[in-house]
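Using my numbering, the letters of the sequence shown map in sequence onto residues 4 to 432.
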Amino acid sequence: MKRFLTDEAIRQAATEMGWVQRVKKIAPVAFVWTLVLGFAGNTERSIATLRREFERATGIAVVPSAFYDRFTEPLVRCLVKLIAVLIEKMTANASRPLAGALAAFKDVVVFDSTVLRLHEYLAKKFPGSRTNHSKAAAKLHVALSVVGAGPRTIKVTSGRTHDGKAMSVGAWVAGKLLLFDLGYYSYRLFDNIRRNIGSFVSRFKINGNPLIVANNRPCRGASVKLVGKRLQEVLPSLQREILDVEIEVAFKRRVYAGKARKATTTFRLIGVRDEETGEYHLYITNLPVEEFDAETVARLYRARWTIELLFKSLKSDFAIDDLPSEKPAIVQALLYASIITWLVGQEVLAMICERLKDEARRVTGRRWSRLLHECASDLLRLLLGPRGQQQLAVLLDRHLLHEAPDPHRRRASLIEEVEAEERLAALVA
Numbered sequence: 004m005k006r007f008l009t010d011e012a013i014r015q016a017a018t019e020m021g022w023v024q025r026v027k028k029i030a031p032v033a034f035v036w037t038l039v040l041g042f043a044g045n046t047e048r049s050i051a052t053l054r055r056e057f058e059r060a061t062g063i064a065v066v067p068s069a070f071y072d073r074f075t076e077p078l079v080r081c082l083v084k085l086i087a088v089l090i091e092k093m094t095a096n097a098s099r100p101l102a103g104a105l106a107a108f109k110d111v112v113v114f115d116s117t118v119l120r121l122h123e124y125l126a127k128k129f130p131g132s133r134t135n136h137s138k139a140a141a142k143l144h145v146a147l148s149v150v151g152a153g154p155r156t157i158k159v160t161s162g163r164t165h166d167g168k169a170m171s172v173g174a175w176v177a178g179k180l181l182l183f184d185l186g187y188y189s190y191r192l193f194d195n196i197r198r199n200i201g202s203f204v205s206r207f208k209i210n211g212n213p214l215i216v217a218n219n220r221p222c223r224g225a226s227v228k229l230v231g232k233r234l235q236e237v238l239p240s241l242q243r244e245i246l247d248v249e250i251e252v253a254f255k256r257r258v259y260a261g262k263a264r265k266a267t268t269t270f271r272l273i274g275v276r277d278e279e280t281g282e283y284h285l286y287i288t289n290l291p292v293e294e295f296d297a298e299t300v301a302r303l304y305r306a307r308w309t310i311e312l313l314f315k316s317l318k319s320d321f322a323i324d325d326l327p328s329e330k331p332a333i334v335q336a337l338l339y340a341s342i343i344t345w346l347v348g349q350e351v352l353a354m355i356c357e358r359l360k361d362e363a364r365r366v367t368g369r370r371w372s373r374l375l376h377e378c379a380s381d382l383l384r385l386l387l388g389p390r391g392q393q394q395l396a397v398l399l400d401r402h403l404l405h406e407a408p409d410p411h412r413r414r415a416s417l418i419e420e421v422e423a424e425e426r427l428a429a430l431v432a
């Protein structure tokens with residue numbers, strides 16, 4: 004853990020961000036680790052609990068006000084800096100090769116956001132999107148890398164911020180597959196990804212009504228004619244299992260010299276009919292027909308569920324939606340500290356899986372998060388306590404290795420399933 008989040012990195016970030024001018028009784032390294040492991044390992048979410056965790060782990064008694072006063076805007080900037088450092092490390096160490104249909108891409112990046120309700124006194128700084136339900140809310144935006152086994156970017160905005168405004172497209176998307184839900188739906192965004200030699204798959208708005216200009220999968224017999232018609236004209240009468248067509252859409256480009264030019268382009272629209280409801284699951288993509296059939300595109304989109312599992316873990320196991328304060332700096336510090344907890348936990352998990360070898364596939368993200376939550380206080384004592392705690396280290400090591408694999412789990416991970424489905428489809432063909 005200390006090799007991943009080093010003491011030097013913490014001190015450097017603390018100094019650069021102006022959080023620490025001179026080291027006093029509460030050293031920055033001990034304080035940061037207390038936030039990272041102390042908040043994650045307690046069911047009682049309070050600053051007083053964190054202070055007691057600090058005192059137990061370090062053996063140093065501190066005045067409550069001195070501990071409370073450490074929660075400042077420079078601390079928030081320090082934690083943001085540390086997150087950037089850790090993400091850069093995870094990206095640099097990424098080595099997992101993708102297989103099956105995913106082998107065509109350098110990486111698969113999943114975008115999504117989740118809303119965190121805050122105390123209503125924070126409505127001015129973090130206005131919520133629903134004033135009658137959540138007057139104050141923050142939105143956590145994450146771009147999750149499958150290859151890096153962690154986030155590429157993390158942003159925190161107010162609850163009113165549109166998802167699309169929290170991401171940017173550039174040369175970094177080349178050779179990568181980006182997966183979106185409807186929160187990022189934008190023809191201009193999709194066109195930018197294509198122009199930067201990237202690929203994407205997104206849900207398509209069910210009420211969208213583009214013009215169909217080509218049929219990639221003609222049906223035999225007296226089938227419904229598609230070309231030249233609007234989607235909503237033909238969708239209610241379709242009975243085919245798979246819809247695979249090219250559509251024409253119009254959108255406005257970015258404002259340049261005070262003007263926003265209109266543009267028209269084509270994308271691929273795929274529909275997979277639900278056997279139970281008879282309705283279509285619609286997807287829009289730029290993946291070529293020659294390399295990816297409609298069924299494969301639908302399977303690829305399943306990889307987006309990995310980010311839902313991340314948010315579930317952050318909320319259920321690290322309680323990022325339980326931020327008990329009216330002070331913006333405290334709320335942001337605890338939120339970012341929870342993210343660091345998850346990042347550090349992923350690095351430890353990678354080492355655990357390396358030692359478990361064949362048993363590593365039985366380690367699930369949720370099980371690991373719960374295990375880390377249970378051991379957080381002991382880990383904090385080991386990190387900050389006196390040296391020579393060999394017995395505690397051995398016990399923790401044995402416990403983590405023993406408890407990490409799920410004894411009842413035999414299924415592959417979600418990404419492995421997506422990869423395996425494509426290999427099976429190829430064998431059948």
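For each residue, glycine too, the CB sits at the ideal point set by N, CA and C.
Since THR117 contacts LEU143 with CB under 8 Å, what's their CB separation in whole angstroms? Sequence index remark: in the sequence shown, residue 117 carries index 114 (1-based). Sequence index remark: in the sequence shown, residue 143 carries index 140 (1-based). Between LEU143 and THR117 the Cβ distance is about 5 Å, and since that is below 8 Å, they are a contact.
In angstroms with no decimal places, state the Cα-to-Cα distance between GLU47 and ASP400. Counting from one through the sequence shown, the residue named residue 47 turns up at place 44. Counting from one through the sequence shown, the residue named residue 400 turns up at place 397. Their Cα atoms are separated by approximately 26 Å.
CB of LEU385 within 8 Å of CB of TYR304, strictly: For the purposes of this step, residue 385 is taken as the residue at position 382 of the sequence shown. For the purposes of this step, residue 304 is taken as the residue at position 301 of the sequence shown. No, the Cβ-Cβ distance between LEU385 and TYR304 is not below 8 Å.
Which residues does DSSP pair with GLY274 in a beta bridge? Taking the first residue of the sequence shown as position 1, residue 274 is located at position 271. BP columns for GLY274 point to LEU246 and LEU285.
So, for LEU192: in the same chain, excluding its five sequence neighbours on each side, which residues have a beta-carbon less than 7 Å away from its beta-carbon? In the sequence shown, the residue the question calls residue 192 occupies position 189. Once the five neighbours on either side are set aside, the close Cβ partners of LEU192 are GLY167 and VAL172.
If you measure between the beta carbons of MET20 and PRO67, is that distance less than 8 Å? Looking up residue 20 in the sequence shown gives position 17. Looking up residue 67 in the sequence shown gives position 64. No; because the gap between Cβ atoms is not below 8 Å, this pair is not in contact.
Taking buried to mean at least 16 other C-beta atoms within 10 Å of its own C-beta, is PRO93 buried or exposed? The sequence position of residue 93 within the sequence shown is 90, counting from 1. Rather than Pro, the amino acid found at residue 93 in this sequence is Met. With 16 or more other Cβ atoms within 10 Å, it is buried.
Run through DSSP, which three-state label would LEU8 get? As a first step, residue 8 must be located in the sequence shown, where it is residue number 5. Coil at LEU8, not helix or strand.
Beta strand (DSSP E) runs wholly inside the segment 148-236, at least 3 long, in chain order: 153-161, 179-183, 202-206 and 214-218
Close-in-space but distant-in-sequence residues of the same chain around VAL334 (CB under 7 Å, 5 per side omitted): Position 331 of the sequence shown, counting from 1, holds the residue named residue 334. So the qualifying residues of the chain are LEU121, LEU125, LEU326 and SER328.
Please report the distance separating the alpha-carbon of VAL431 from that of ASP296. As a first step, residue 431 is located in the sequence shown; it is residue number 428 there, counting from the start. As a first step, residue 296 is located in the sequence shown; it is residue number 293 there, counting from the start. Only weak support is given to the placement of VAL431: the predicted model assigns it a pLDDT of 41, under 50, and the value that follows is read from those uncertain coordinates. The straight-line gap from Cα to Cα measures roughly 14 Å.
Straight-line CA distance for ALA396 to LEU290? To locate residue 396, count along the sequence shown from 1; it is residue 393. To locate residue 290, count along the sequence shown from 1; it is residue 287. Going from the Cα of ALA396 to the Cα of LEU290 covers about 50 Å.
Quick one: residues in its chain with C-beta nearer than 7 Å to the C-beta of LEU229, no 5 flanking neighbours on either side, listed in chain order? As a first step, residue 229 must be located in the sequence shown, where it is residue number 226. Counting only Cβ-Cβ distances below 7 Å, and skipping sequence neighbours, we find ILE215, ASN218, VAL237 and VAL248.
My guess is that LEU404 and ARG358 are in contact by the Cβ rule of under 8 Å, so how many angstroms apart are they, rounded? Locating residue 404 in the sequence shown gives position 401, where the first residue counts as 1. Locating residue 358 in the sequence shown gives position 355, where the first residue counts as 1. 6 Å between Cβ atoms; contact.
Keeping to the same chain, check which residues put their C-beta closer than 7 Å to that of LYS208; ignore five residues upstream and five downstream. Against the sequence shown, residue 208 aligns to sequence position 205. Answer for LYS208: LEU185 and TYR188, listed in chain order.
Can the beta-carbon of TYR286 be found less than 8 Å from the beta-carbon of ARG276? As a working note, residue 286 is residue 283 in the sequence shown. As a working note, residue 276 is residue 273 in the sequence shown. For TYR286 and ARG276, no; Cβs fall outside 8 Å.
In three-state terms, what does DSSP make of LEU143? Working through the sequence shown from its first residue, we reach residue 143 at position 140. Looking at LEU143 - three-state DSSP - the assignment turns out to be strand.
Residue burial classification, ARG6 (beta-carbon count within 10 angstroms, cutoff 16): Position 3 of the sequence shown holds residue 6. Its Cβ having fewer than 16 others within 10 Å, ARG6 is exposed.
Helix, strand or coil: how does DSSP classify ALA263 here? Your numbering for residue 263 matches position 260 in the sequence shown. DSSP places ALA263 in coil when its eight states are reduced to three.
What residues in its chain sit with their C-beta under 7 Å from that of ALA174, if we drop five residues either side in the sequence? Translated into the one-based positions of the sequence shown, residue 174 becomes position 171. Answer for ALA174: ASN199, listed in chain order.
Does DSSP classify GLU251 as helix, strand or coil? In the sequence shown, the residue the question calls residue 251 occupies position 248. Residue state, collapsed to three classes: strand.
Enclosing alpha helix (DSSP H) for ARG256 [first to last residue]: For this step, residue 256 is matched to residue 253 along the sequence shown. No alpha helix (DSSP H) holds ARG256; DSSP gives it neither H nor E.
Ordered list of alpha helix (DSSP H) runs contained in the segment 337-414, each at least 4 residues: 368-387 and 393-406
I'd like to confirm the pairing. Which residues does DSSP put opposite SER137 in its beta bridges? Within the sequence shown, numbered from 1, the residue matching residue 137 stands at position 134. Paired residues: ARG133.
Let me know the secondary structure DSSP gives LEU427 once reduced to three states. Position 424 of the sequence shown, counted from the first residue, corresponds to residue 427. Annotation note: pLDDT 45 at LEU427 (below 50); position unreliable, coordinate value reported separately. LEU427: helix per DSSP, three-state reduction.
Count the other C-beta atoms from every protein chain shown that fall within 10 angstroms of the C-beta of GLY62, then say buried if there are 16 or more, exposed otherwise. By one-based count along the sequence shown, residue 62 stands at place 59. With fewer than 16 other Cβ atoms within 10 Å, it is exposed.
Using a Cβ-Cβ cut-off of 7 Å (strictly less than) and excluding sequence neighbours within five positions of GLY162, which residues of its own chain qualify? As a working note, residue 162 is residue 159 in the sequence shown. So the qualifying residues of the chain are VAL118, PHE129, PRO130, GLY131, SER132, SER137, ALA140, ALA141 and LYS142.
Rounded to whole angstroms, what's the CA-CA distance from LEU105 to THR367? Just pull it up for me. Stepping through the sequence shown from its first residue, residue 105 is reached at position 102. Stepping through the sequence shown from its first residue, residue 367 is reached at position 364. Whole-angstrom Cα-Cα distance: 21 Å.
Does the beta-carbon of LEU427 have 16 or more other beta-carbons within 10 angstroms, so that it is buried, or is it exposed? Here the question's residue 427 lines up with position 424 in the sequence shown. Note that LEU427 scores 45 on pLDDT, short of 50, meaning its location in the model is unreliable and no value can be drawn from it.
Pair within 8 Å by beta-carbon distance, LEU317 and ILE323: Taking the sequence shown and counting its residues from 1, the one referred to as residue 317 is at position 314. Taking the sequence shown and counting its residues from 1, the one referred to as residue 323 is at position 320. Yes. Within cutoff.
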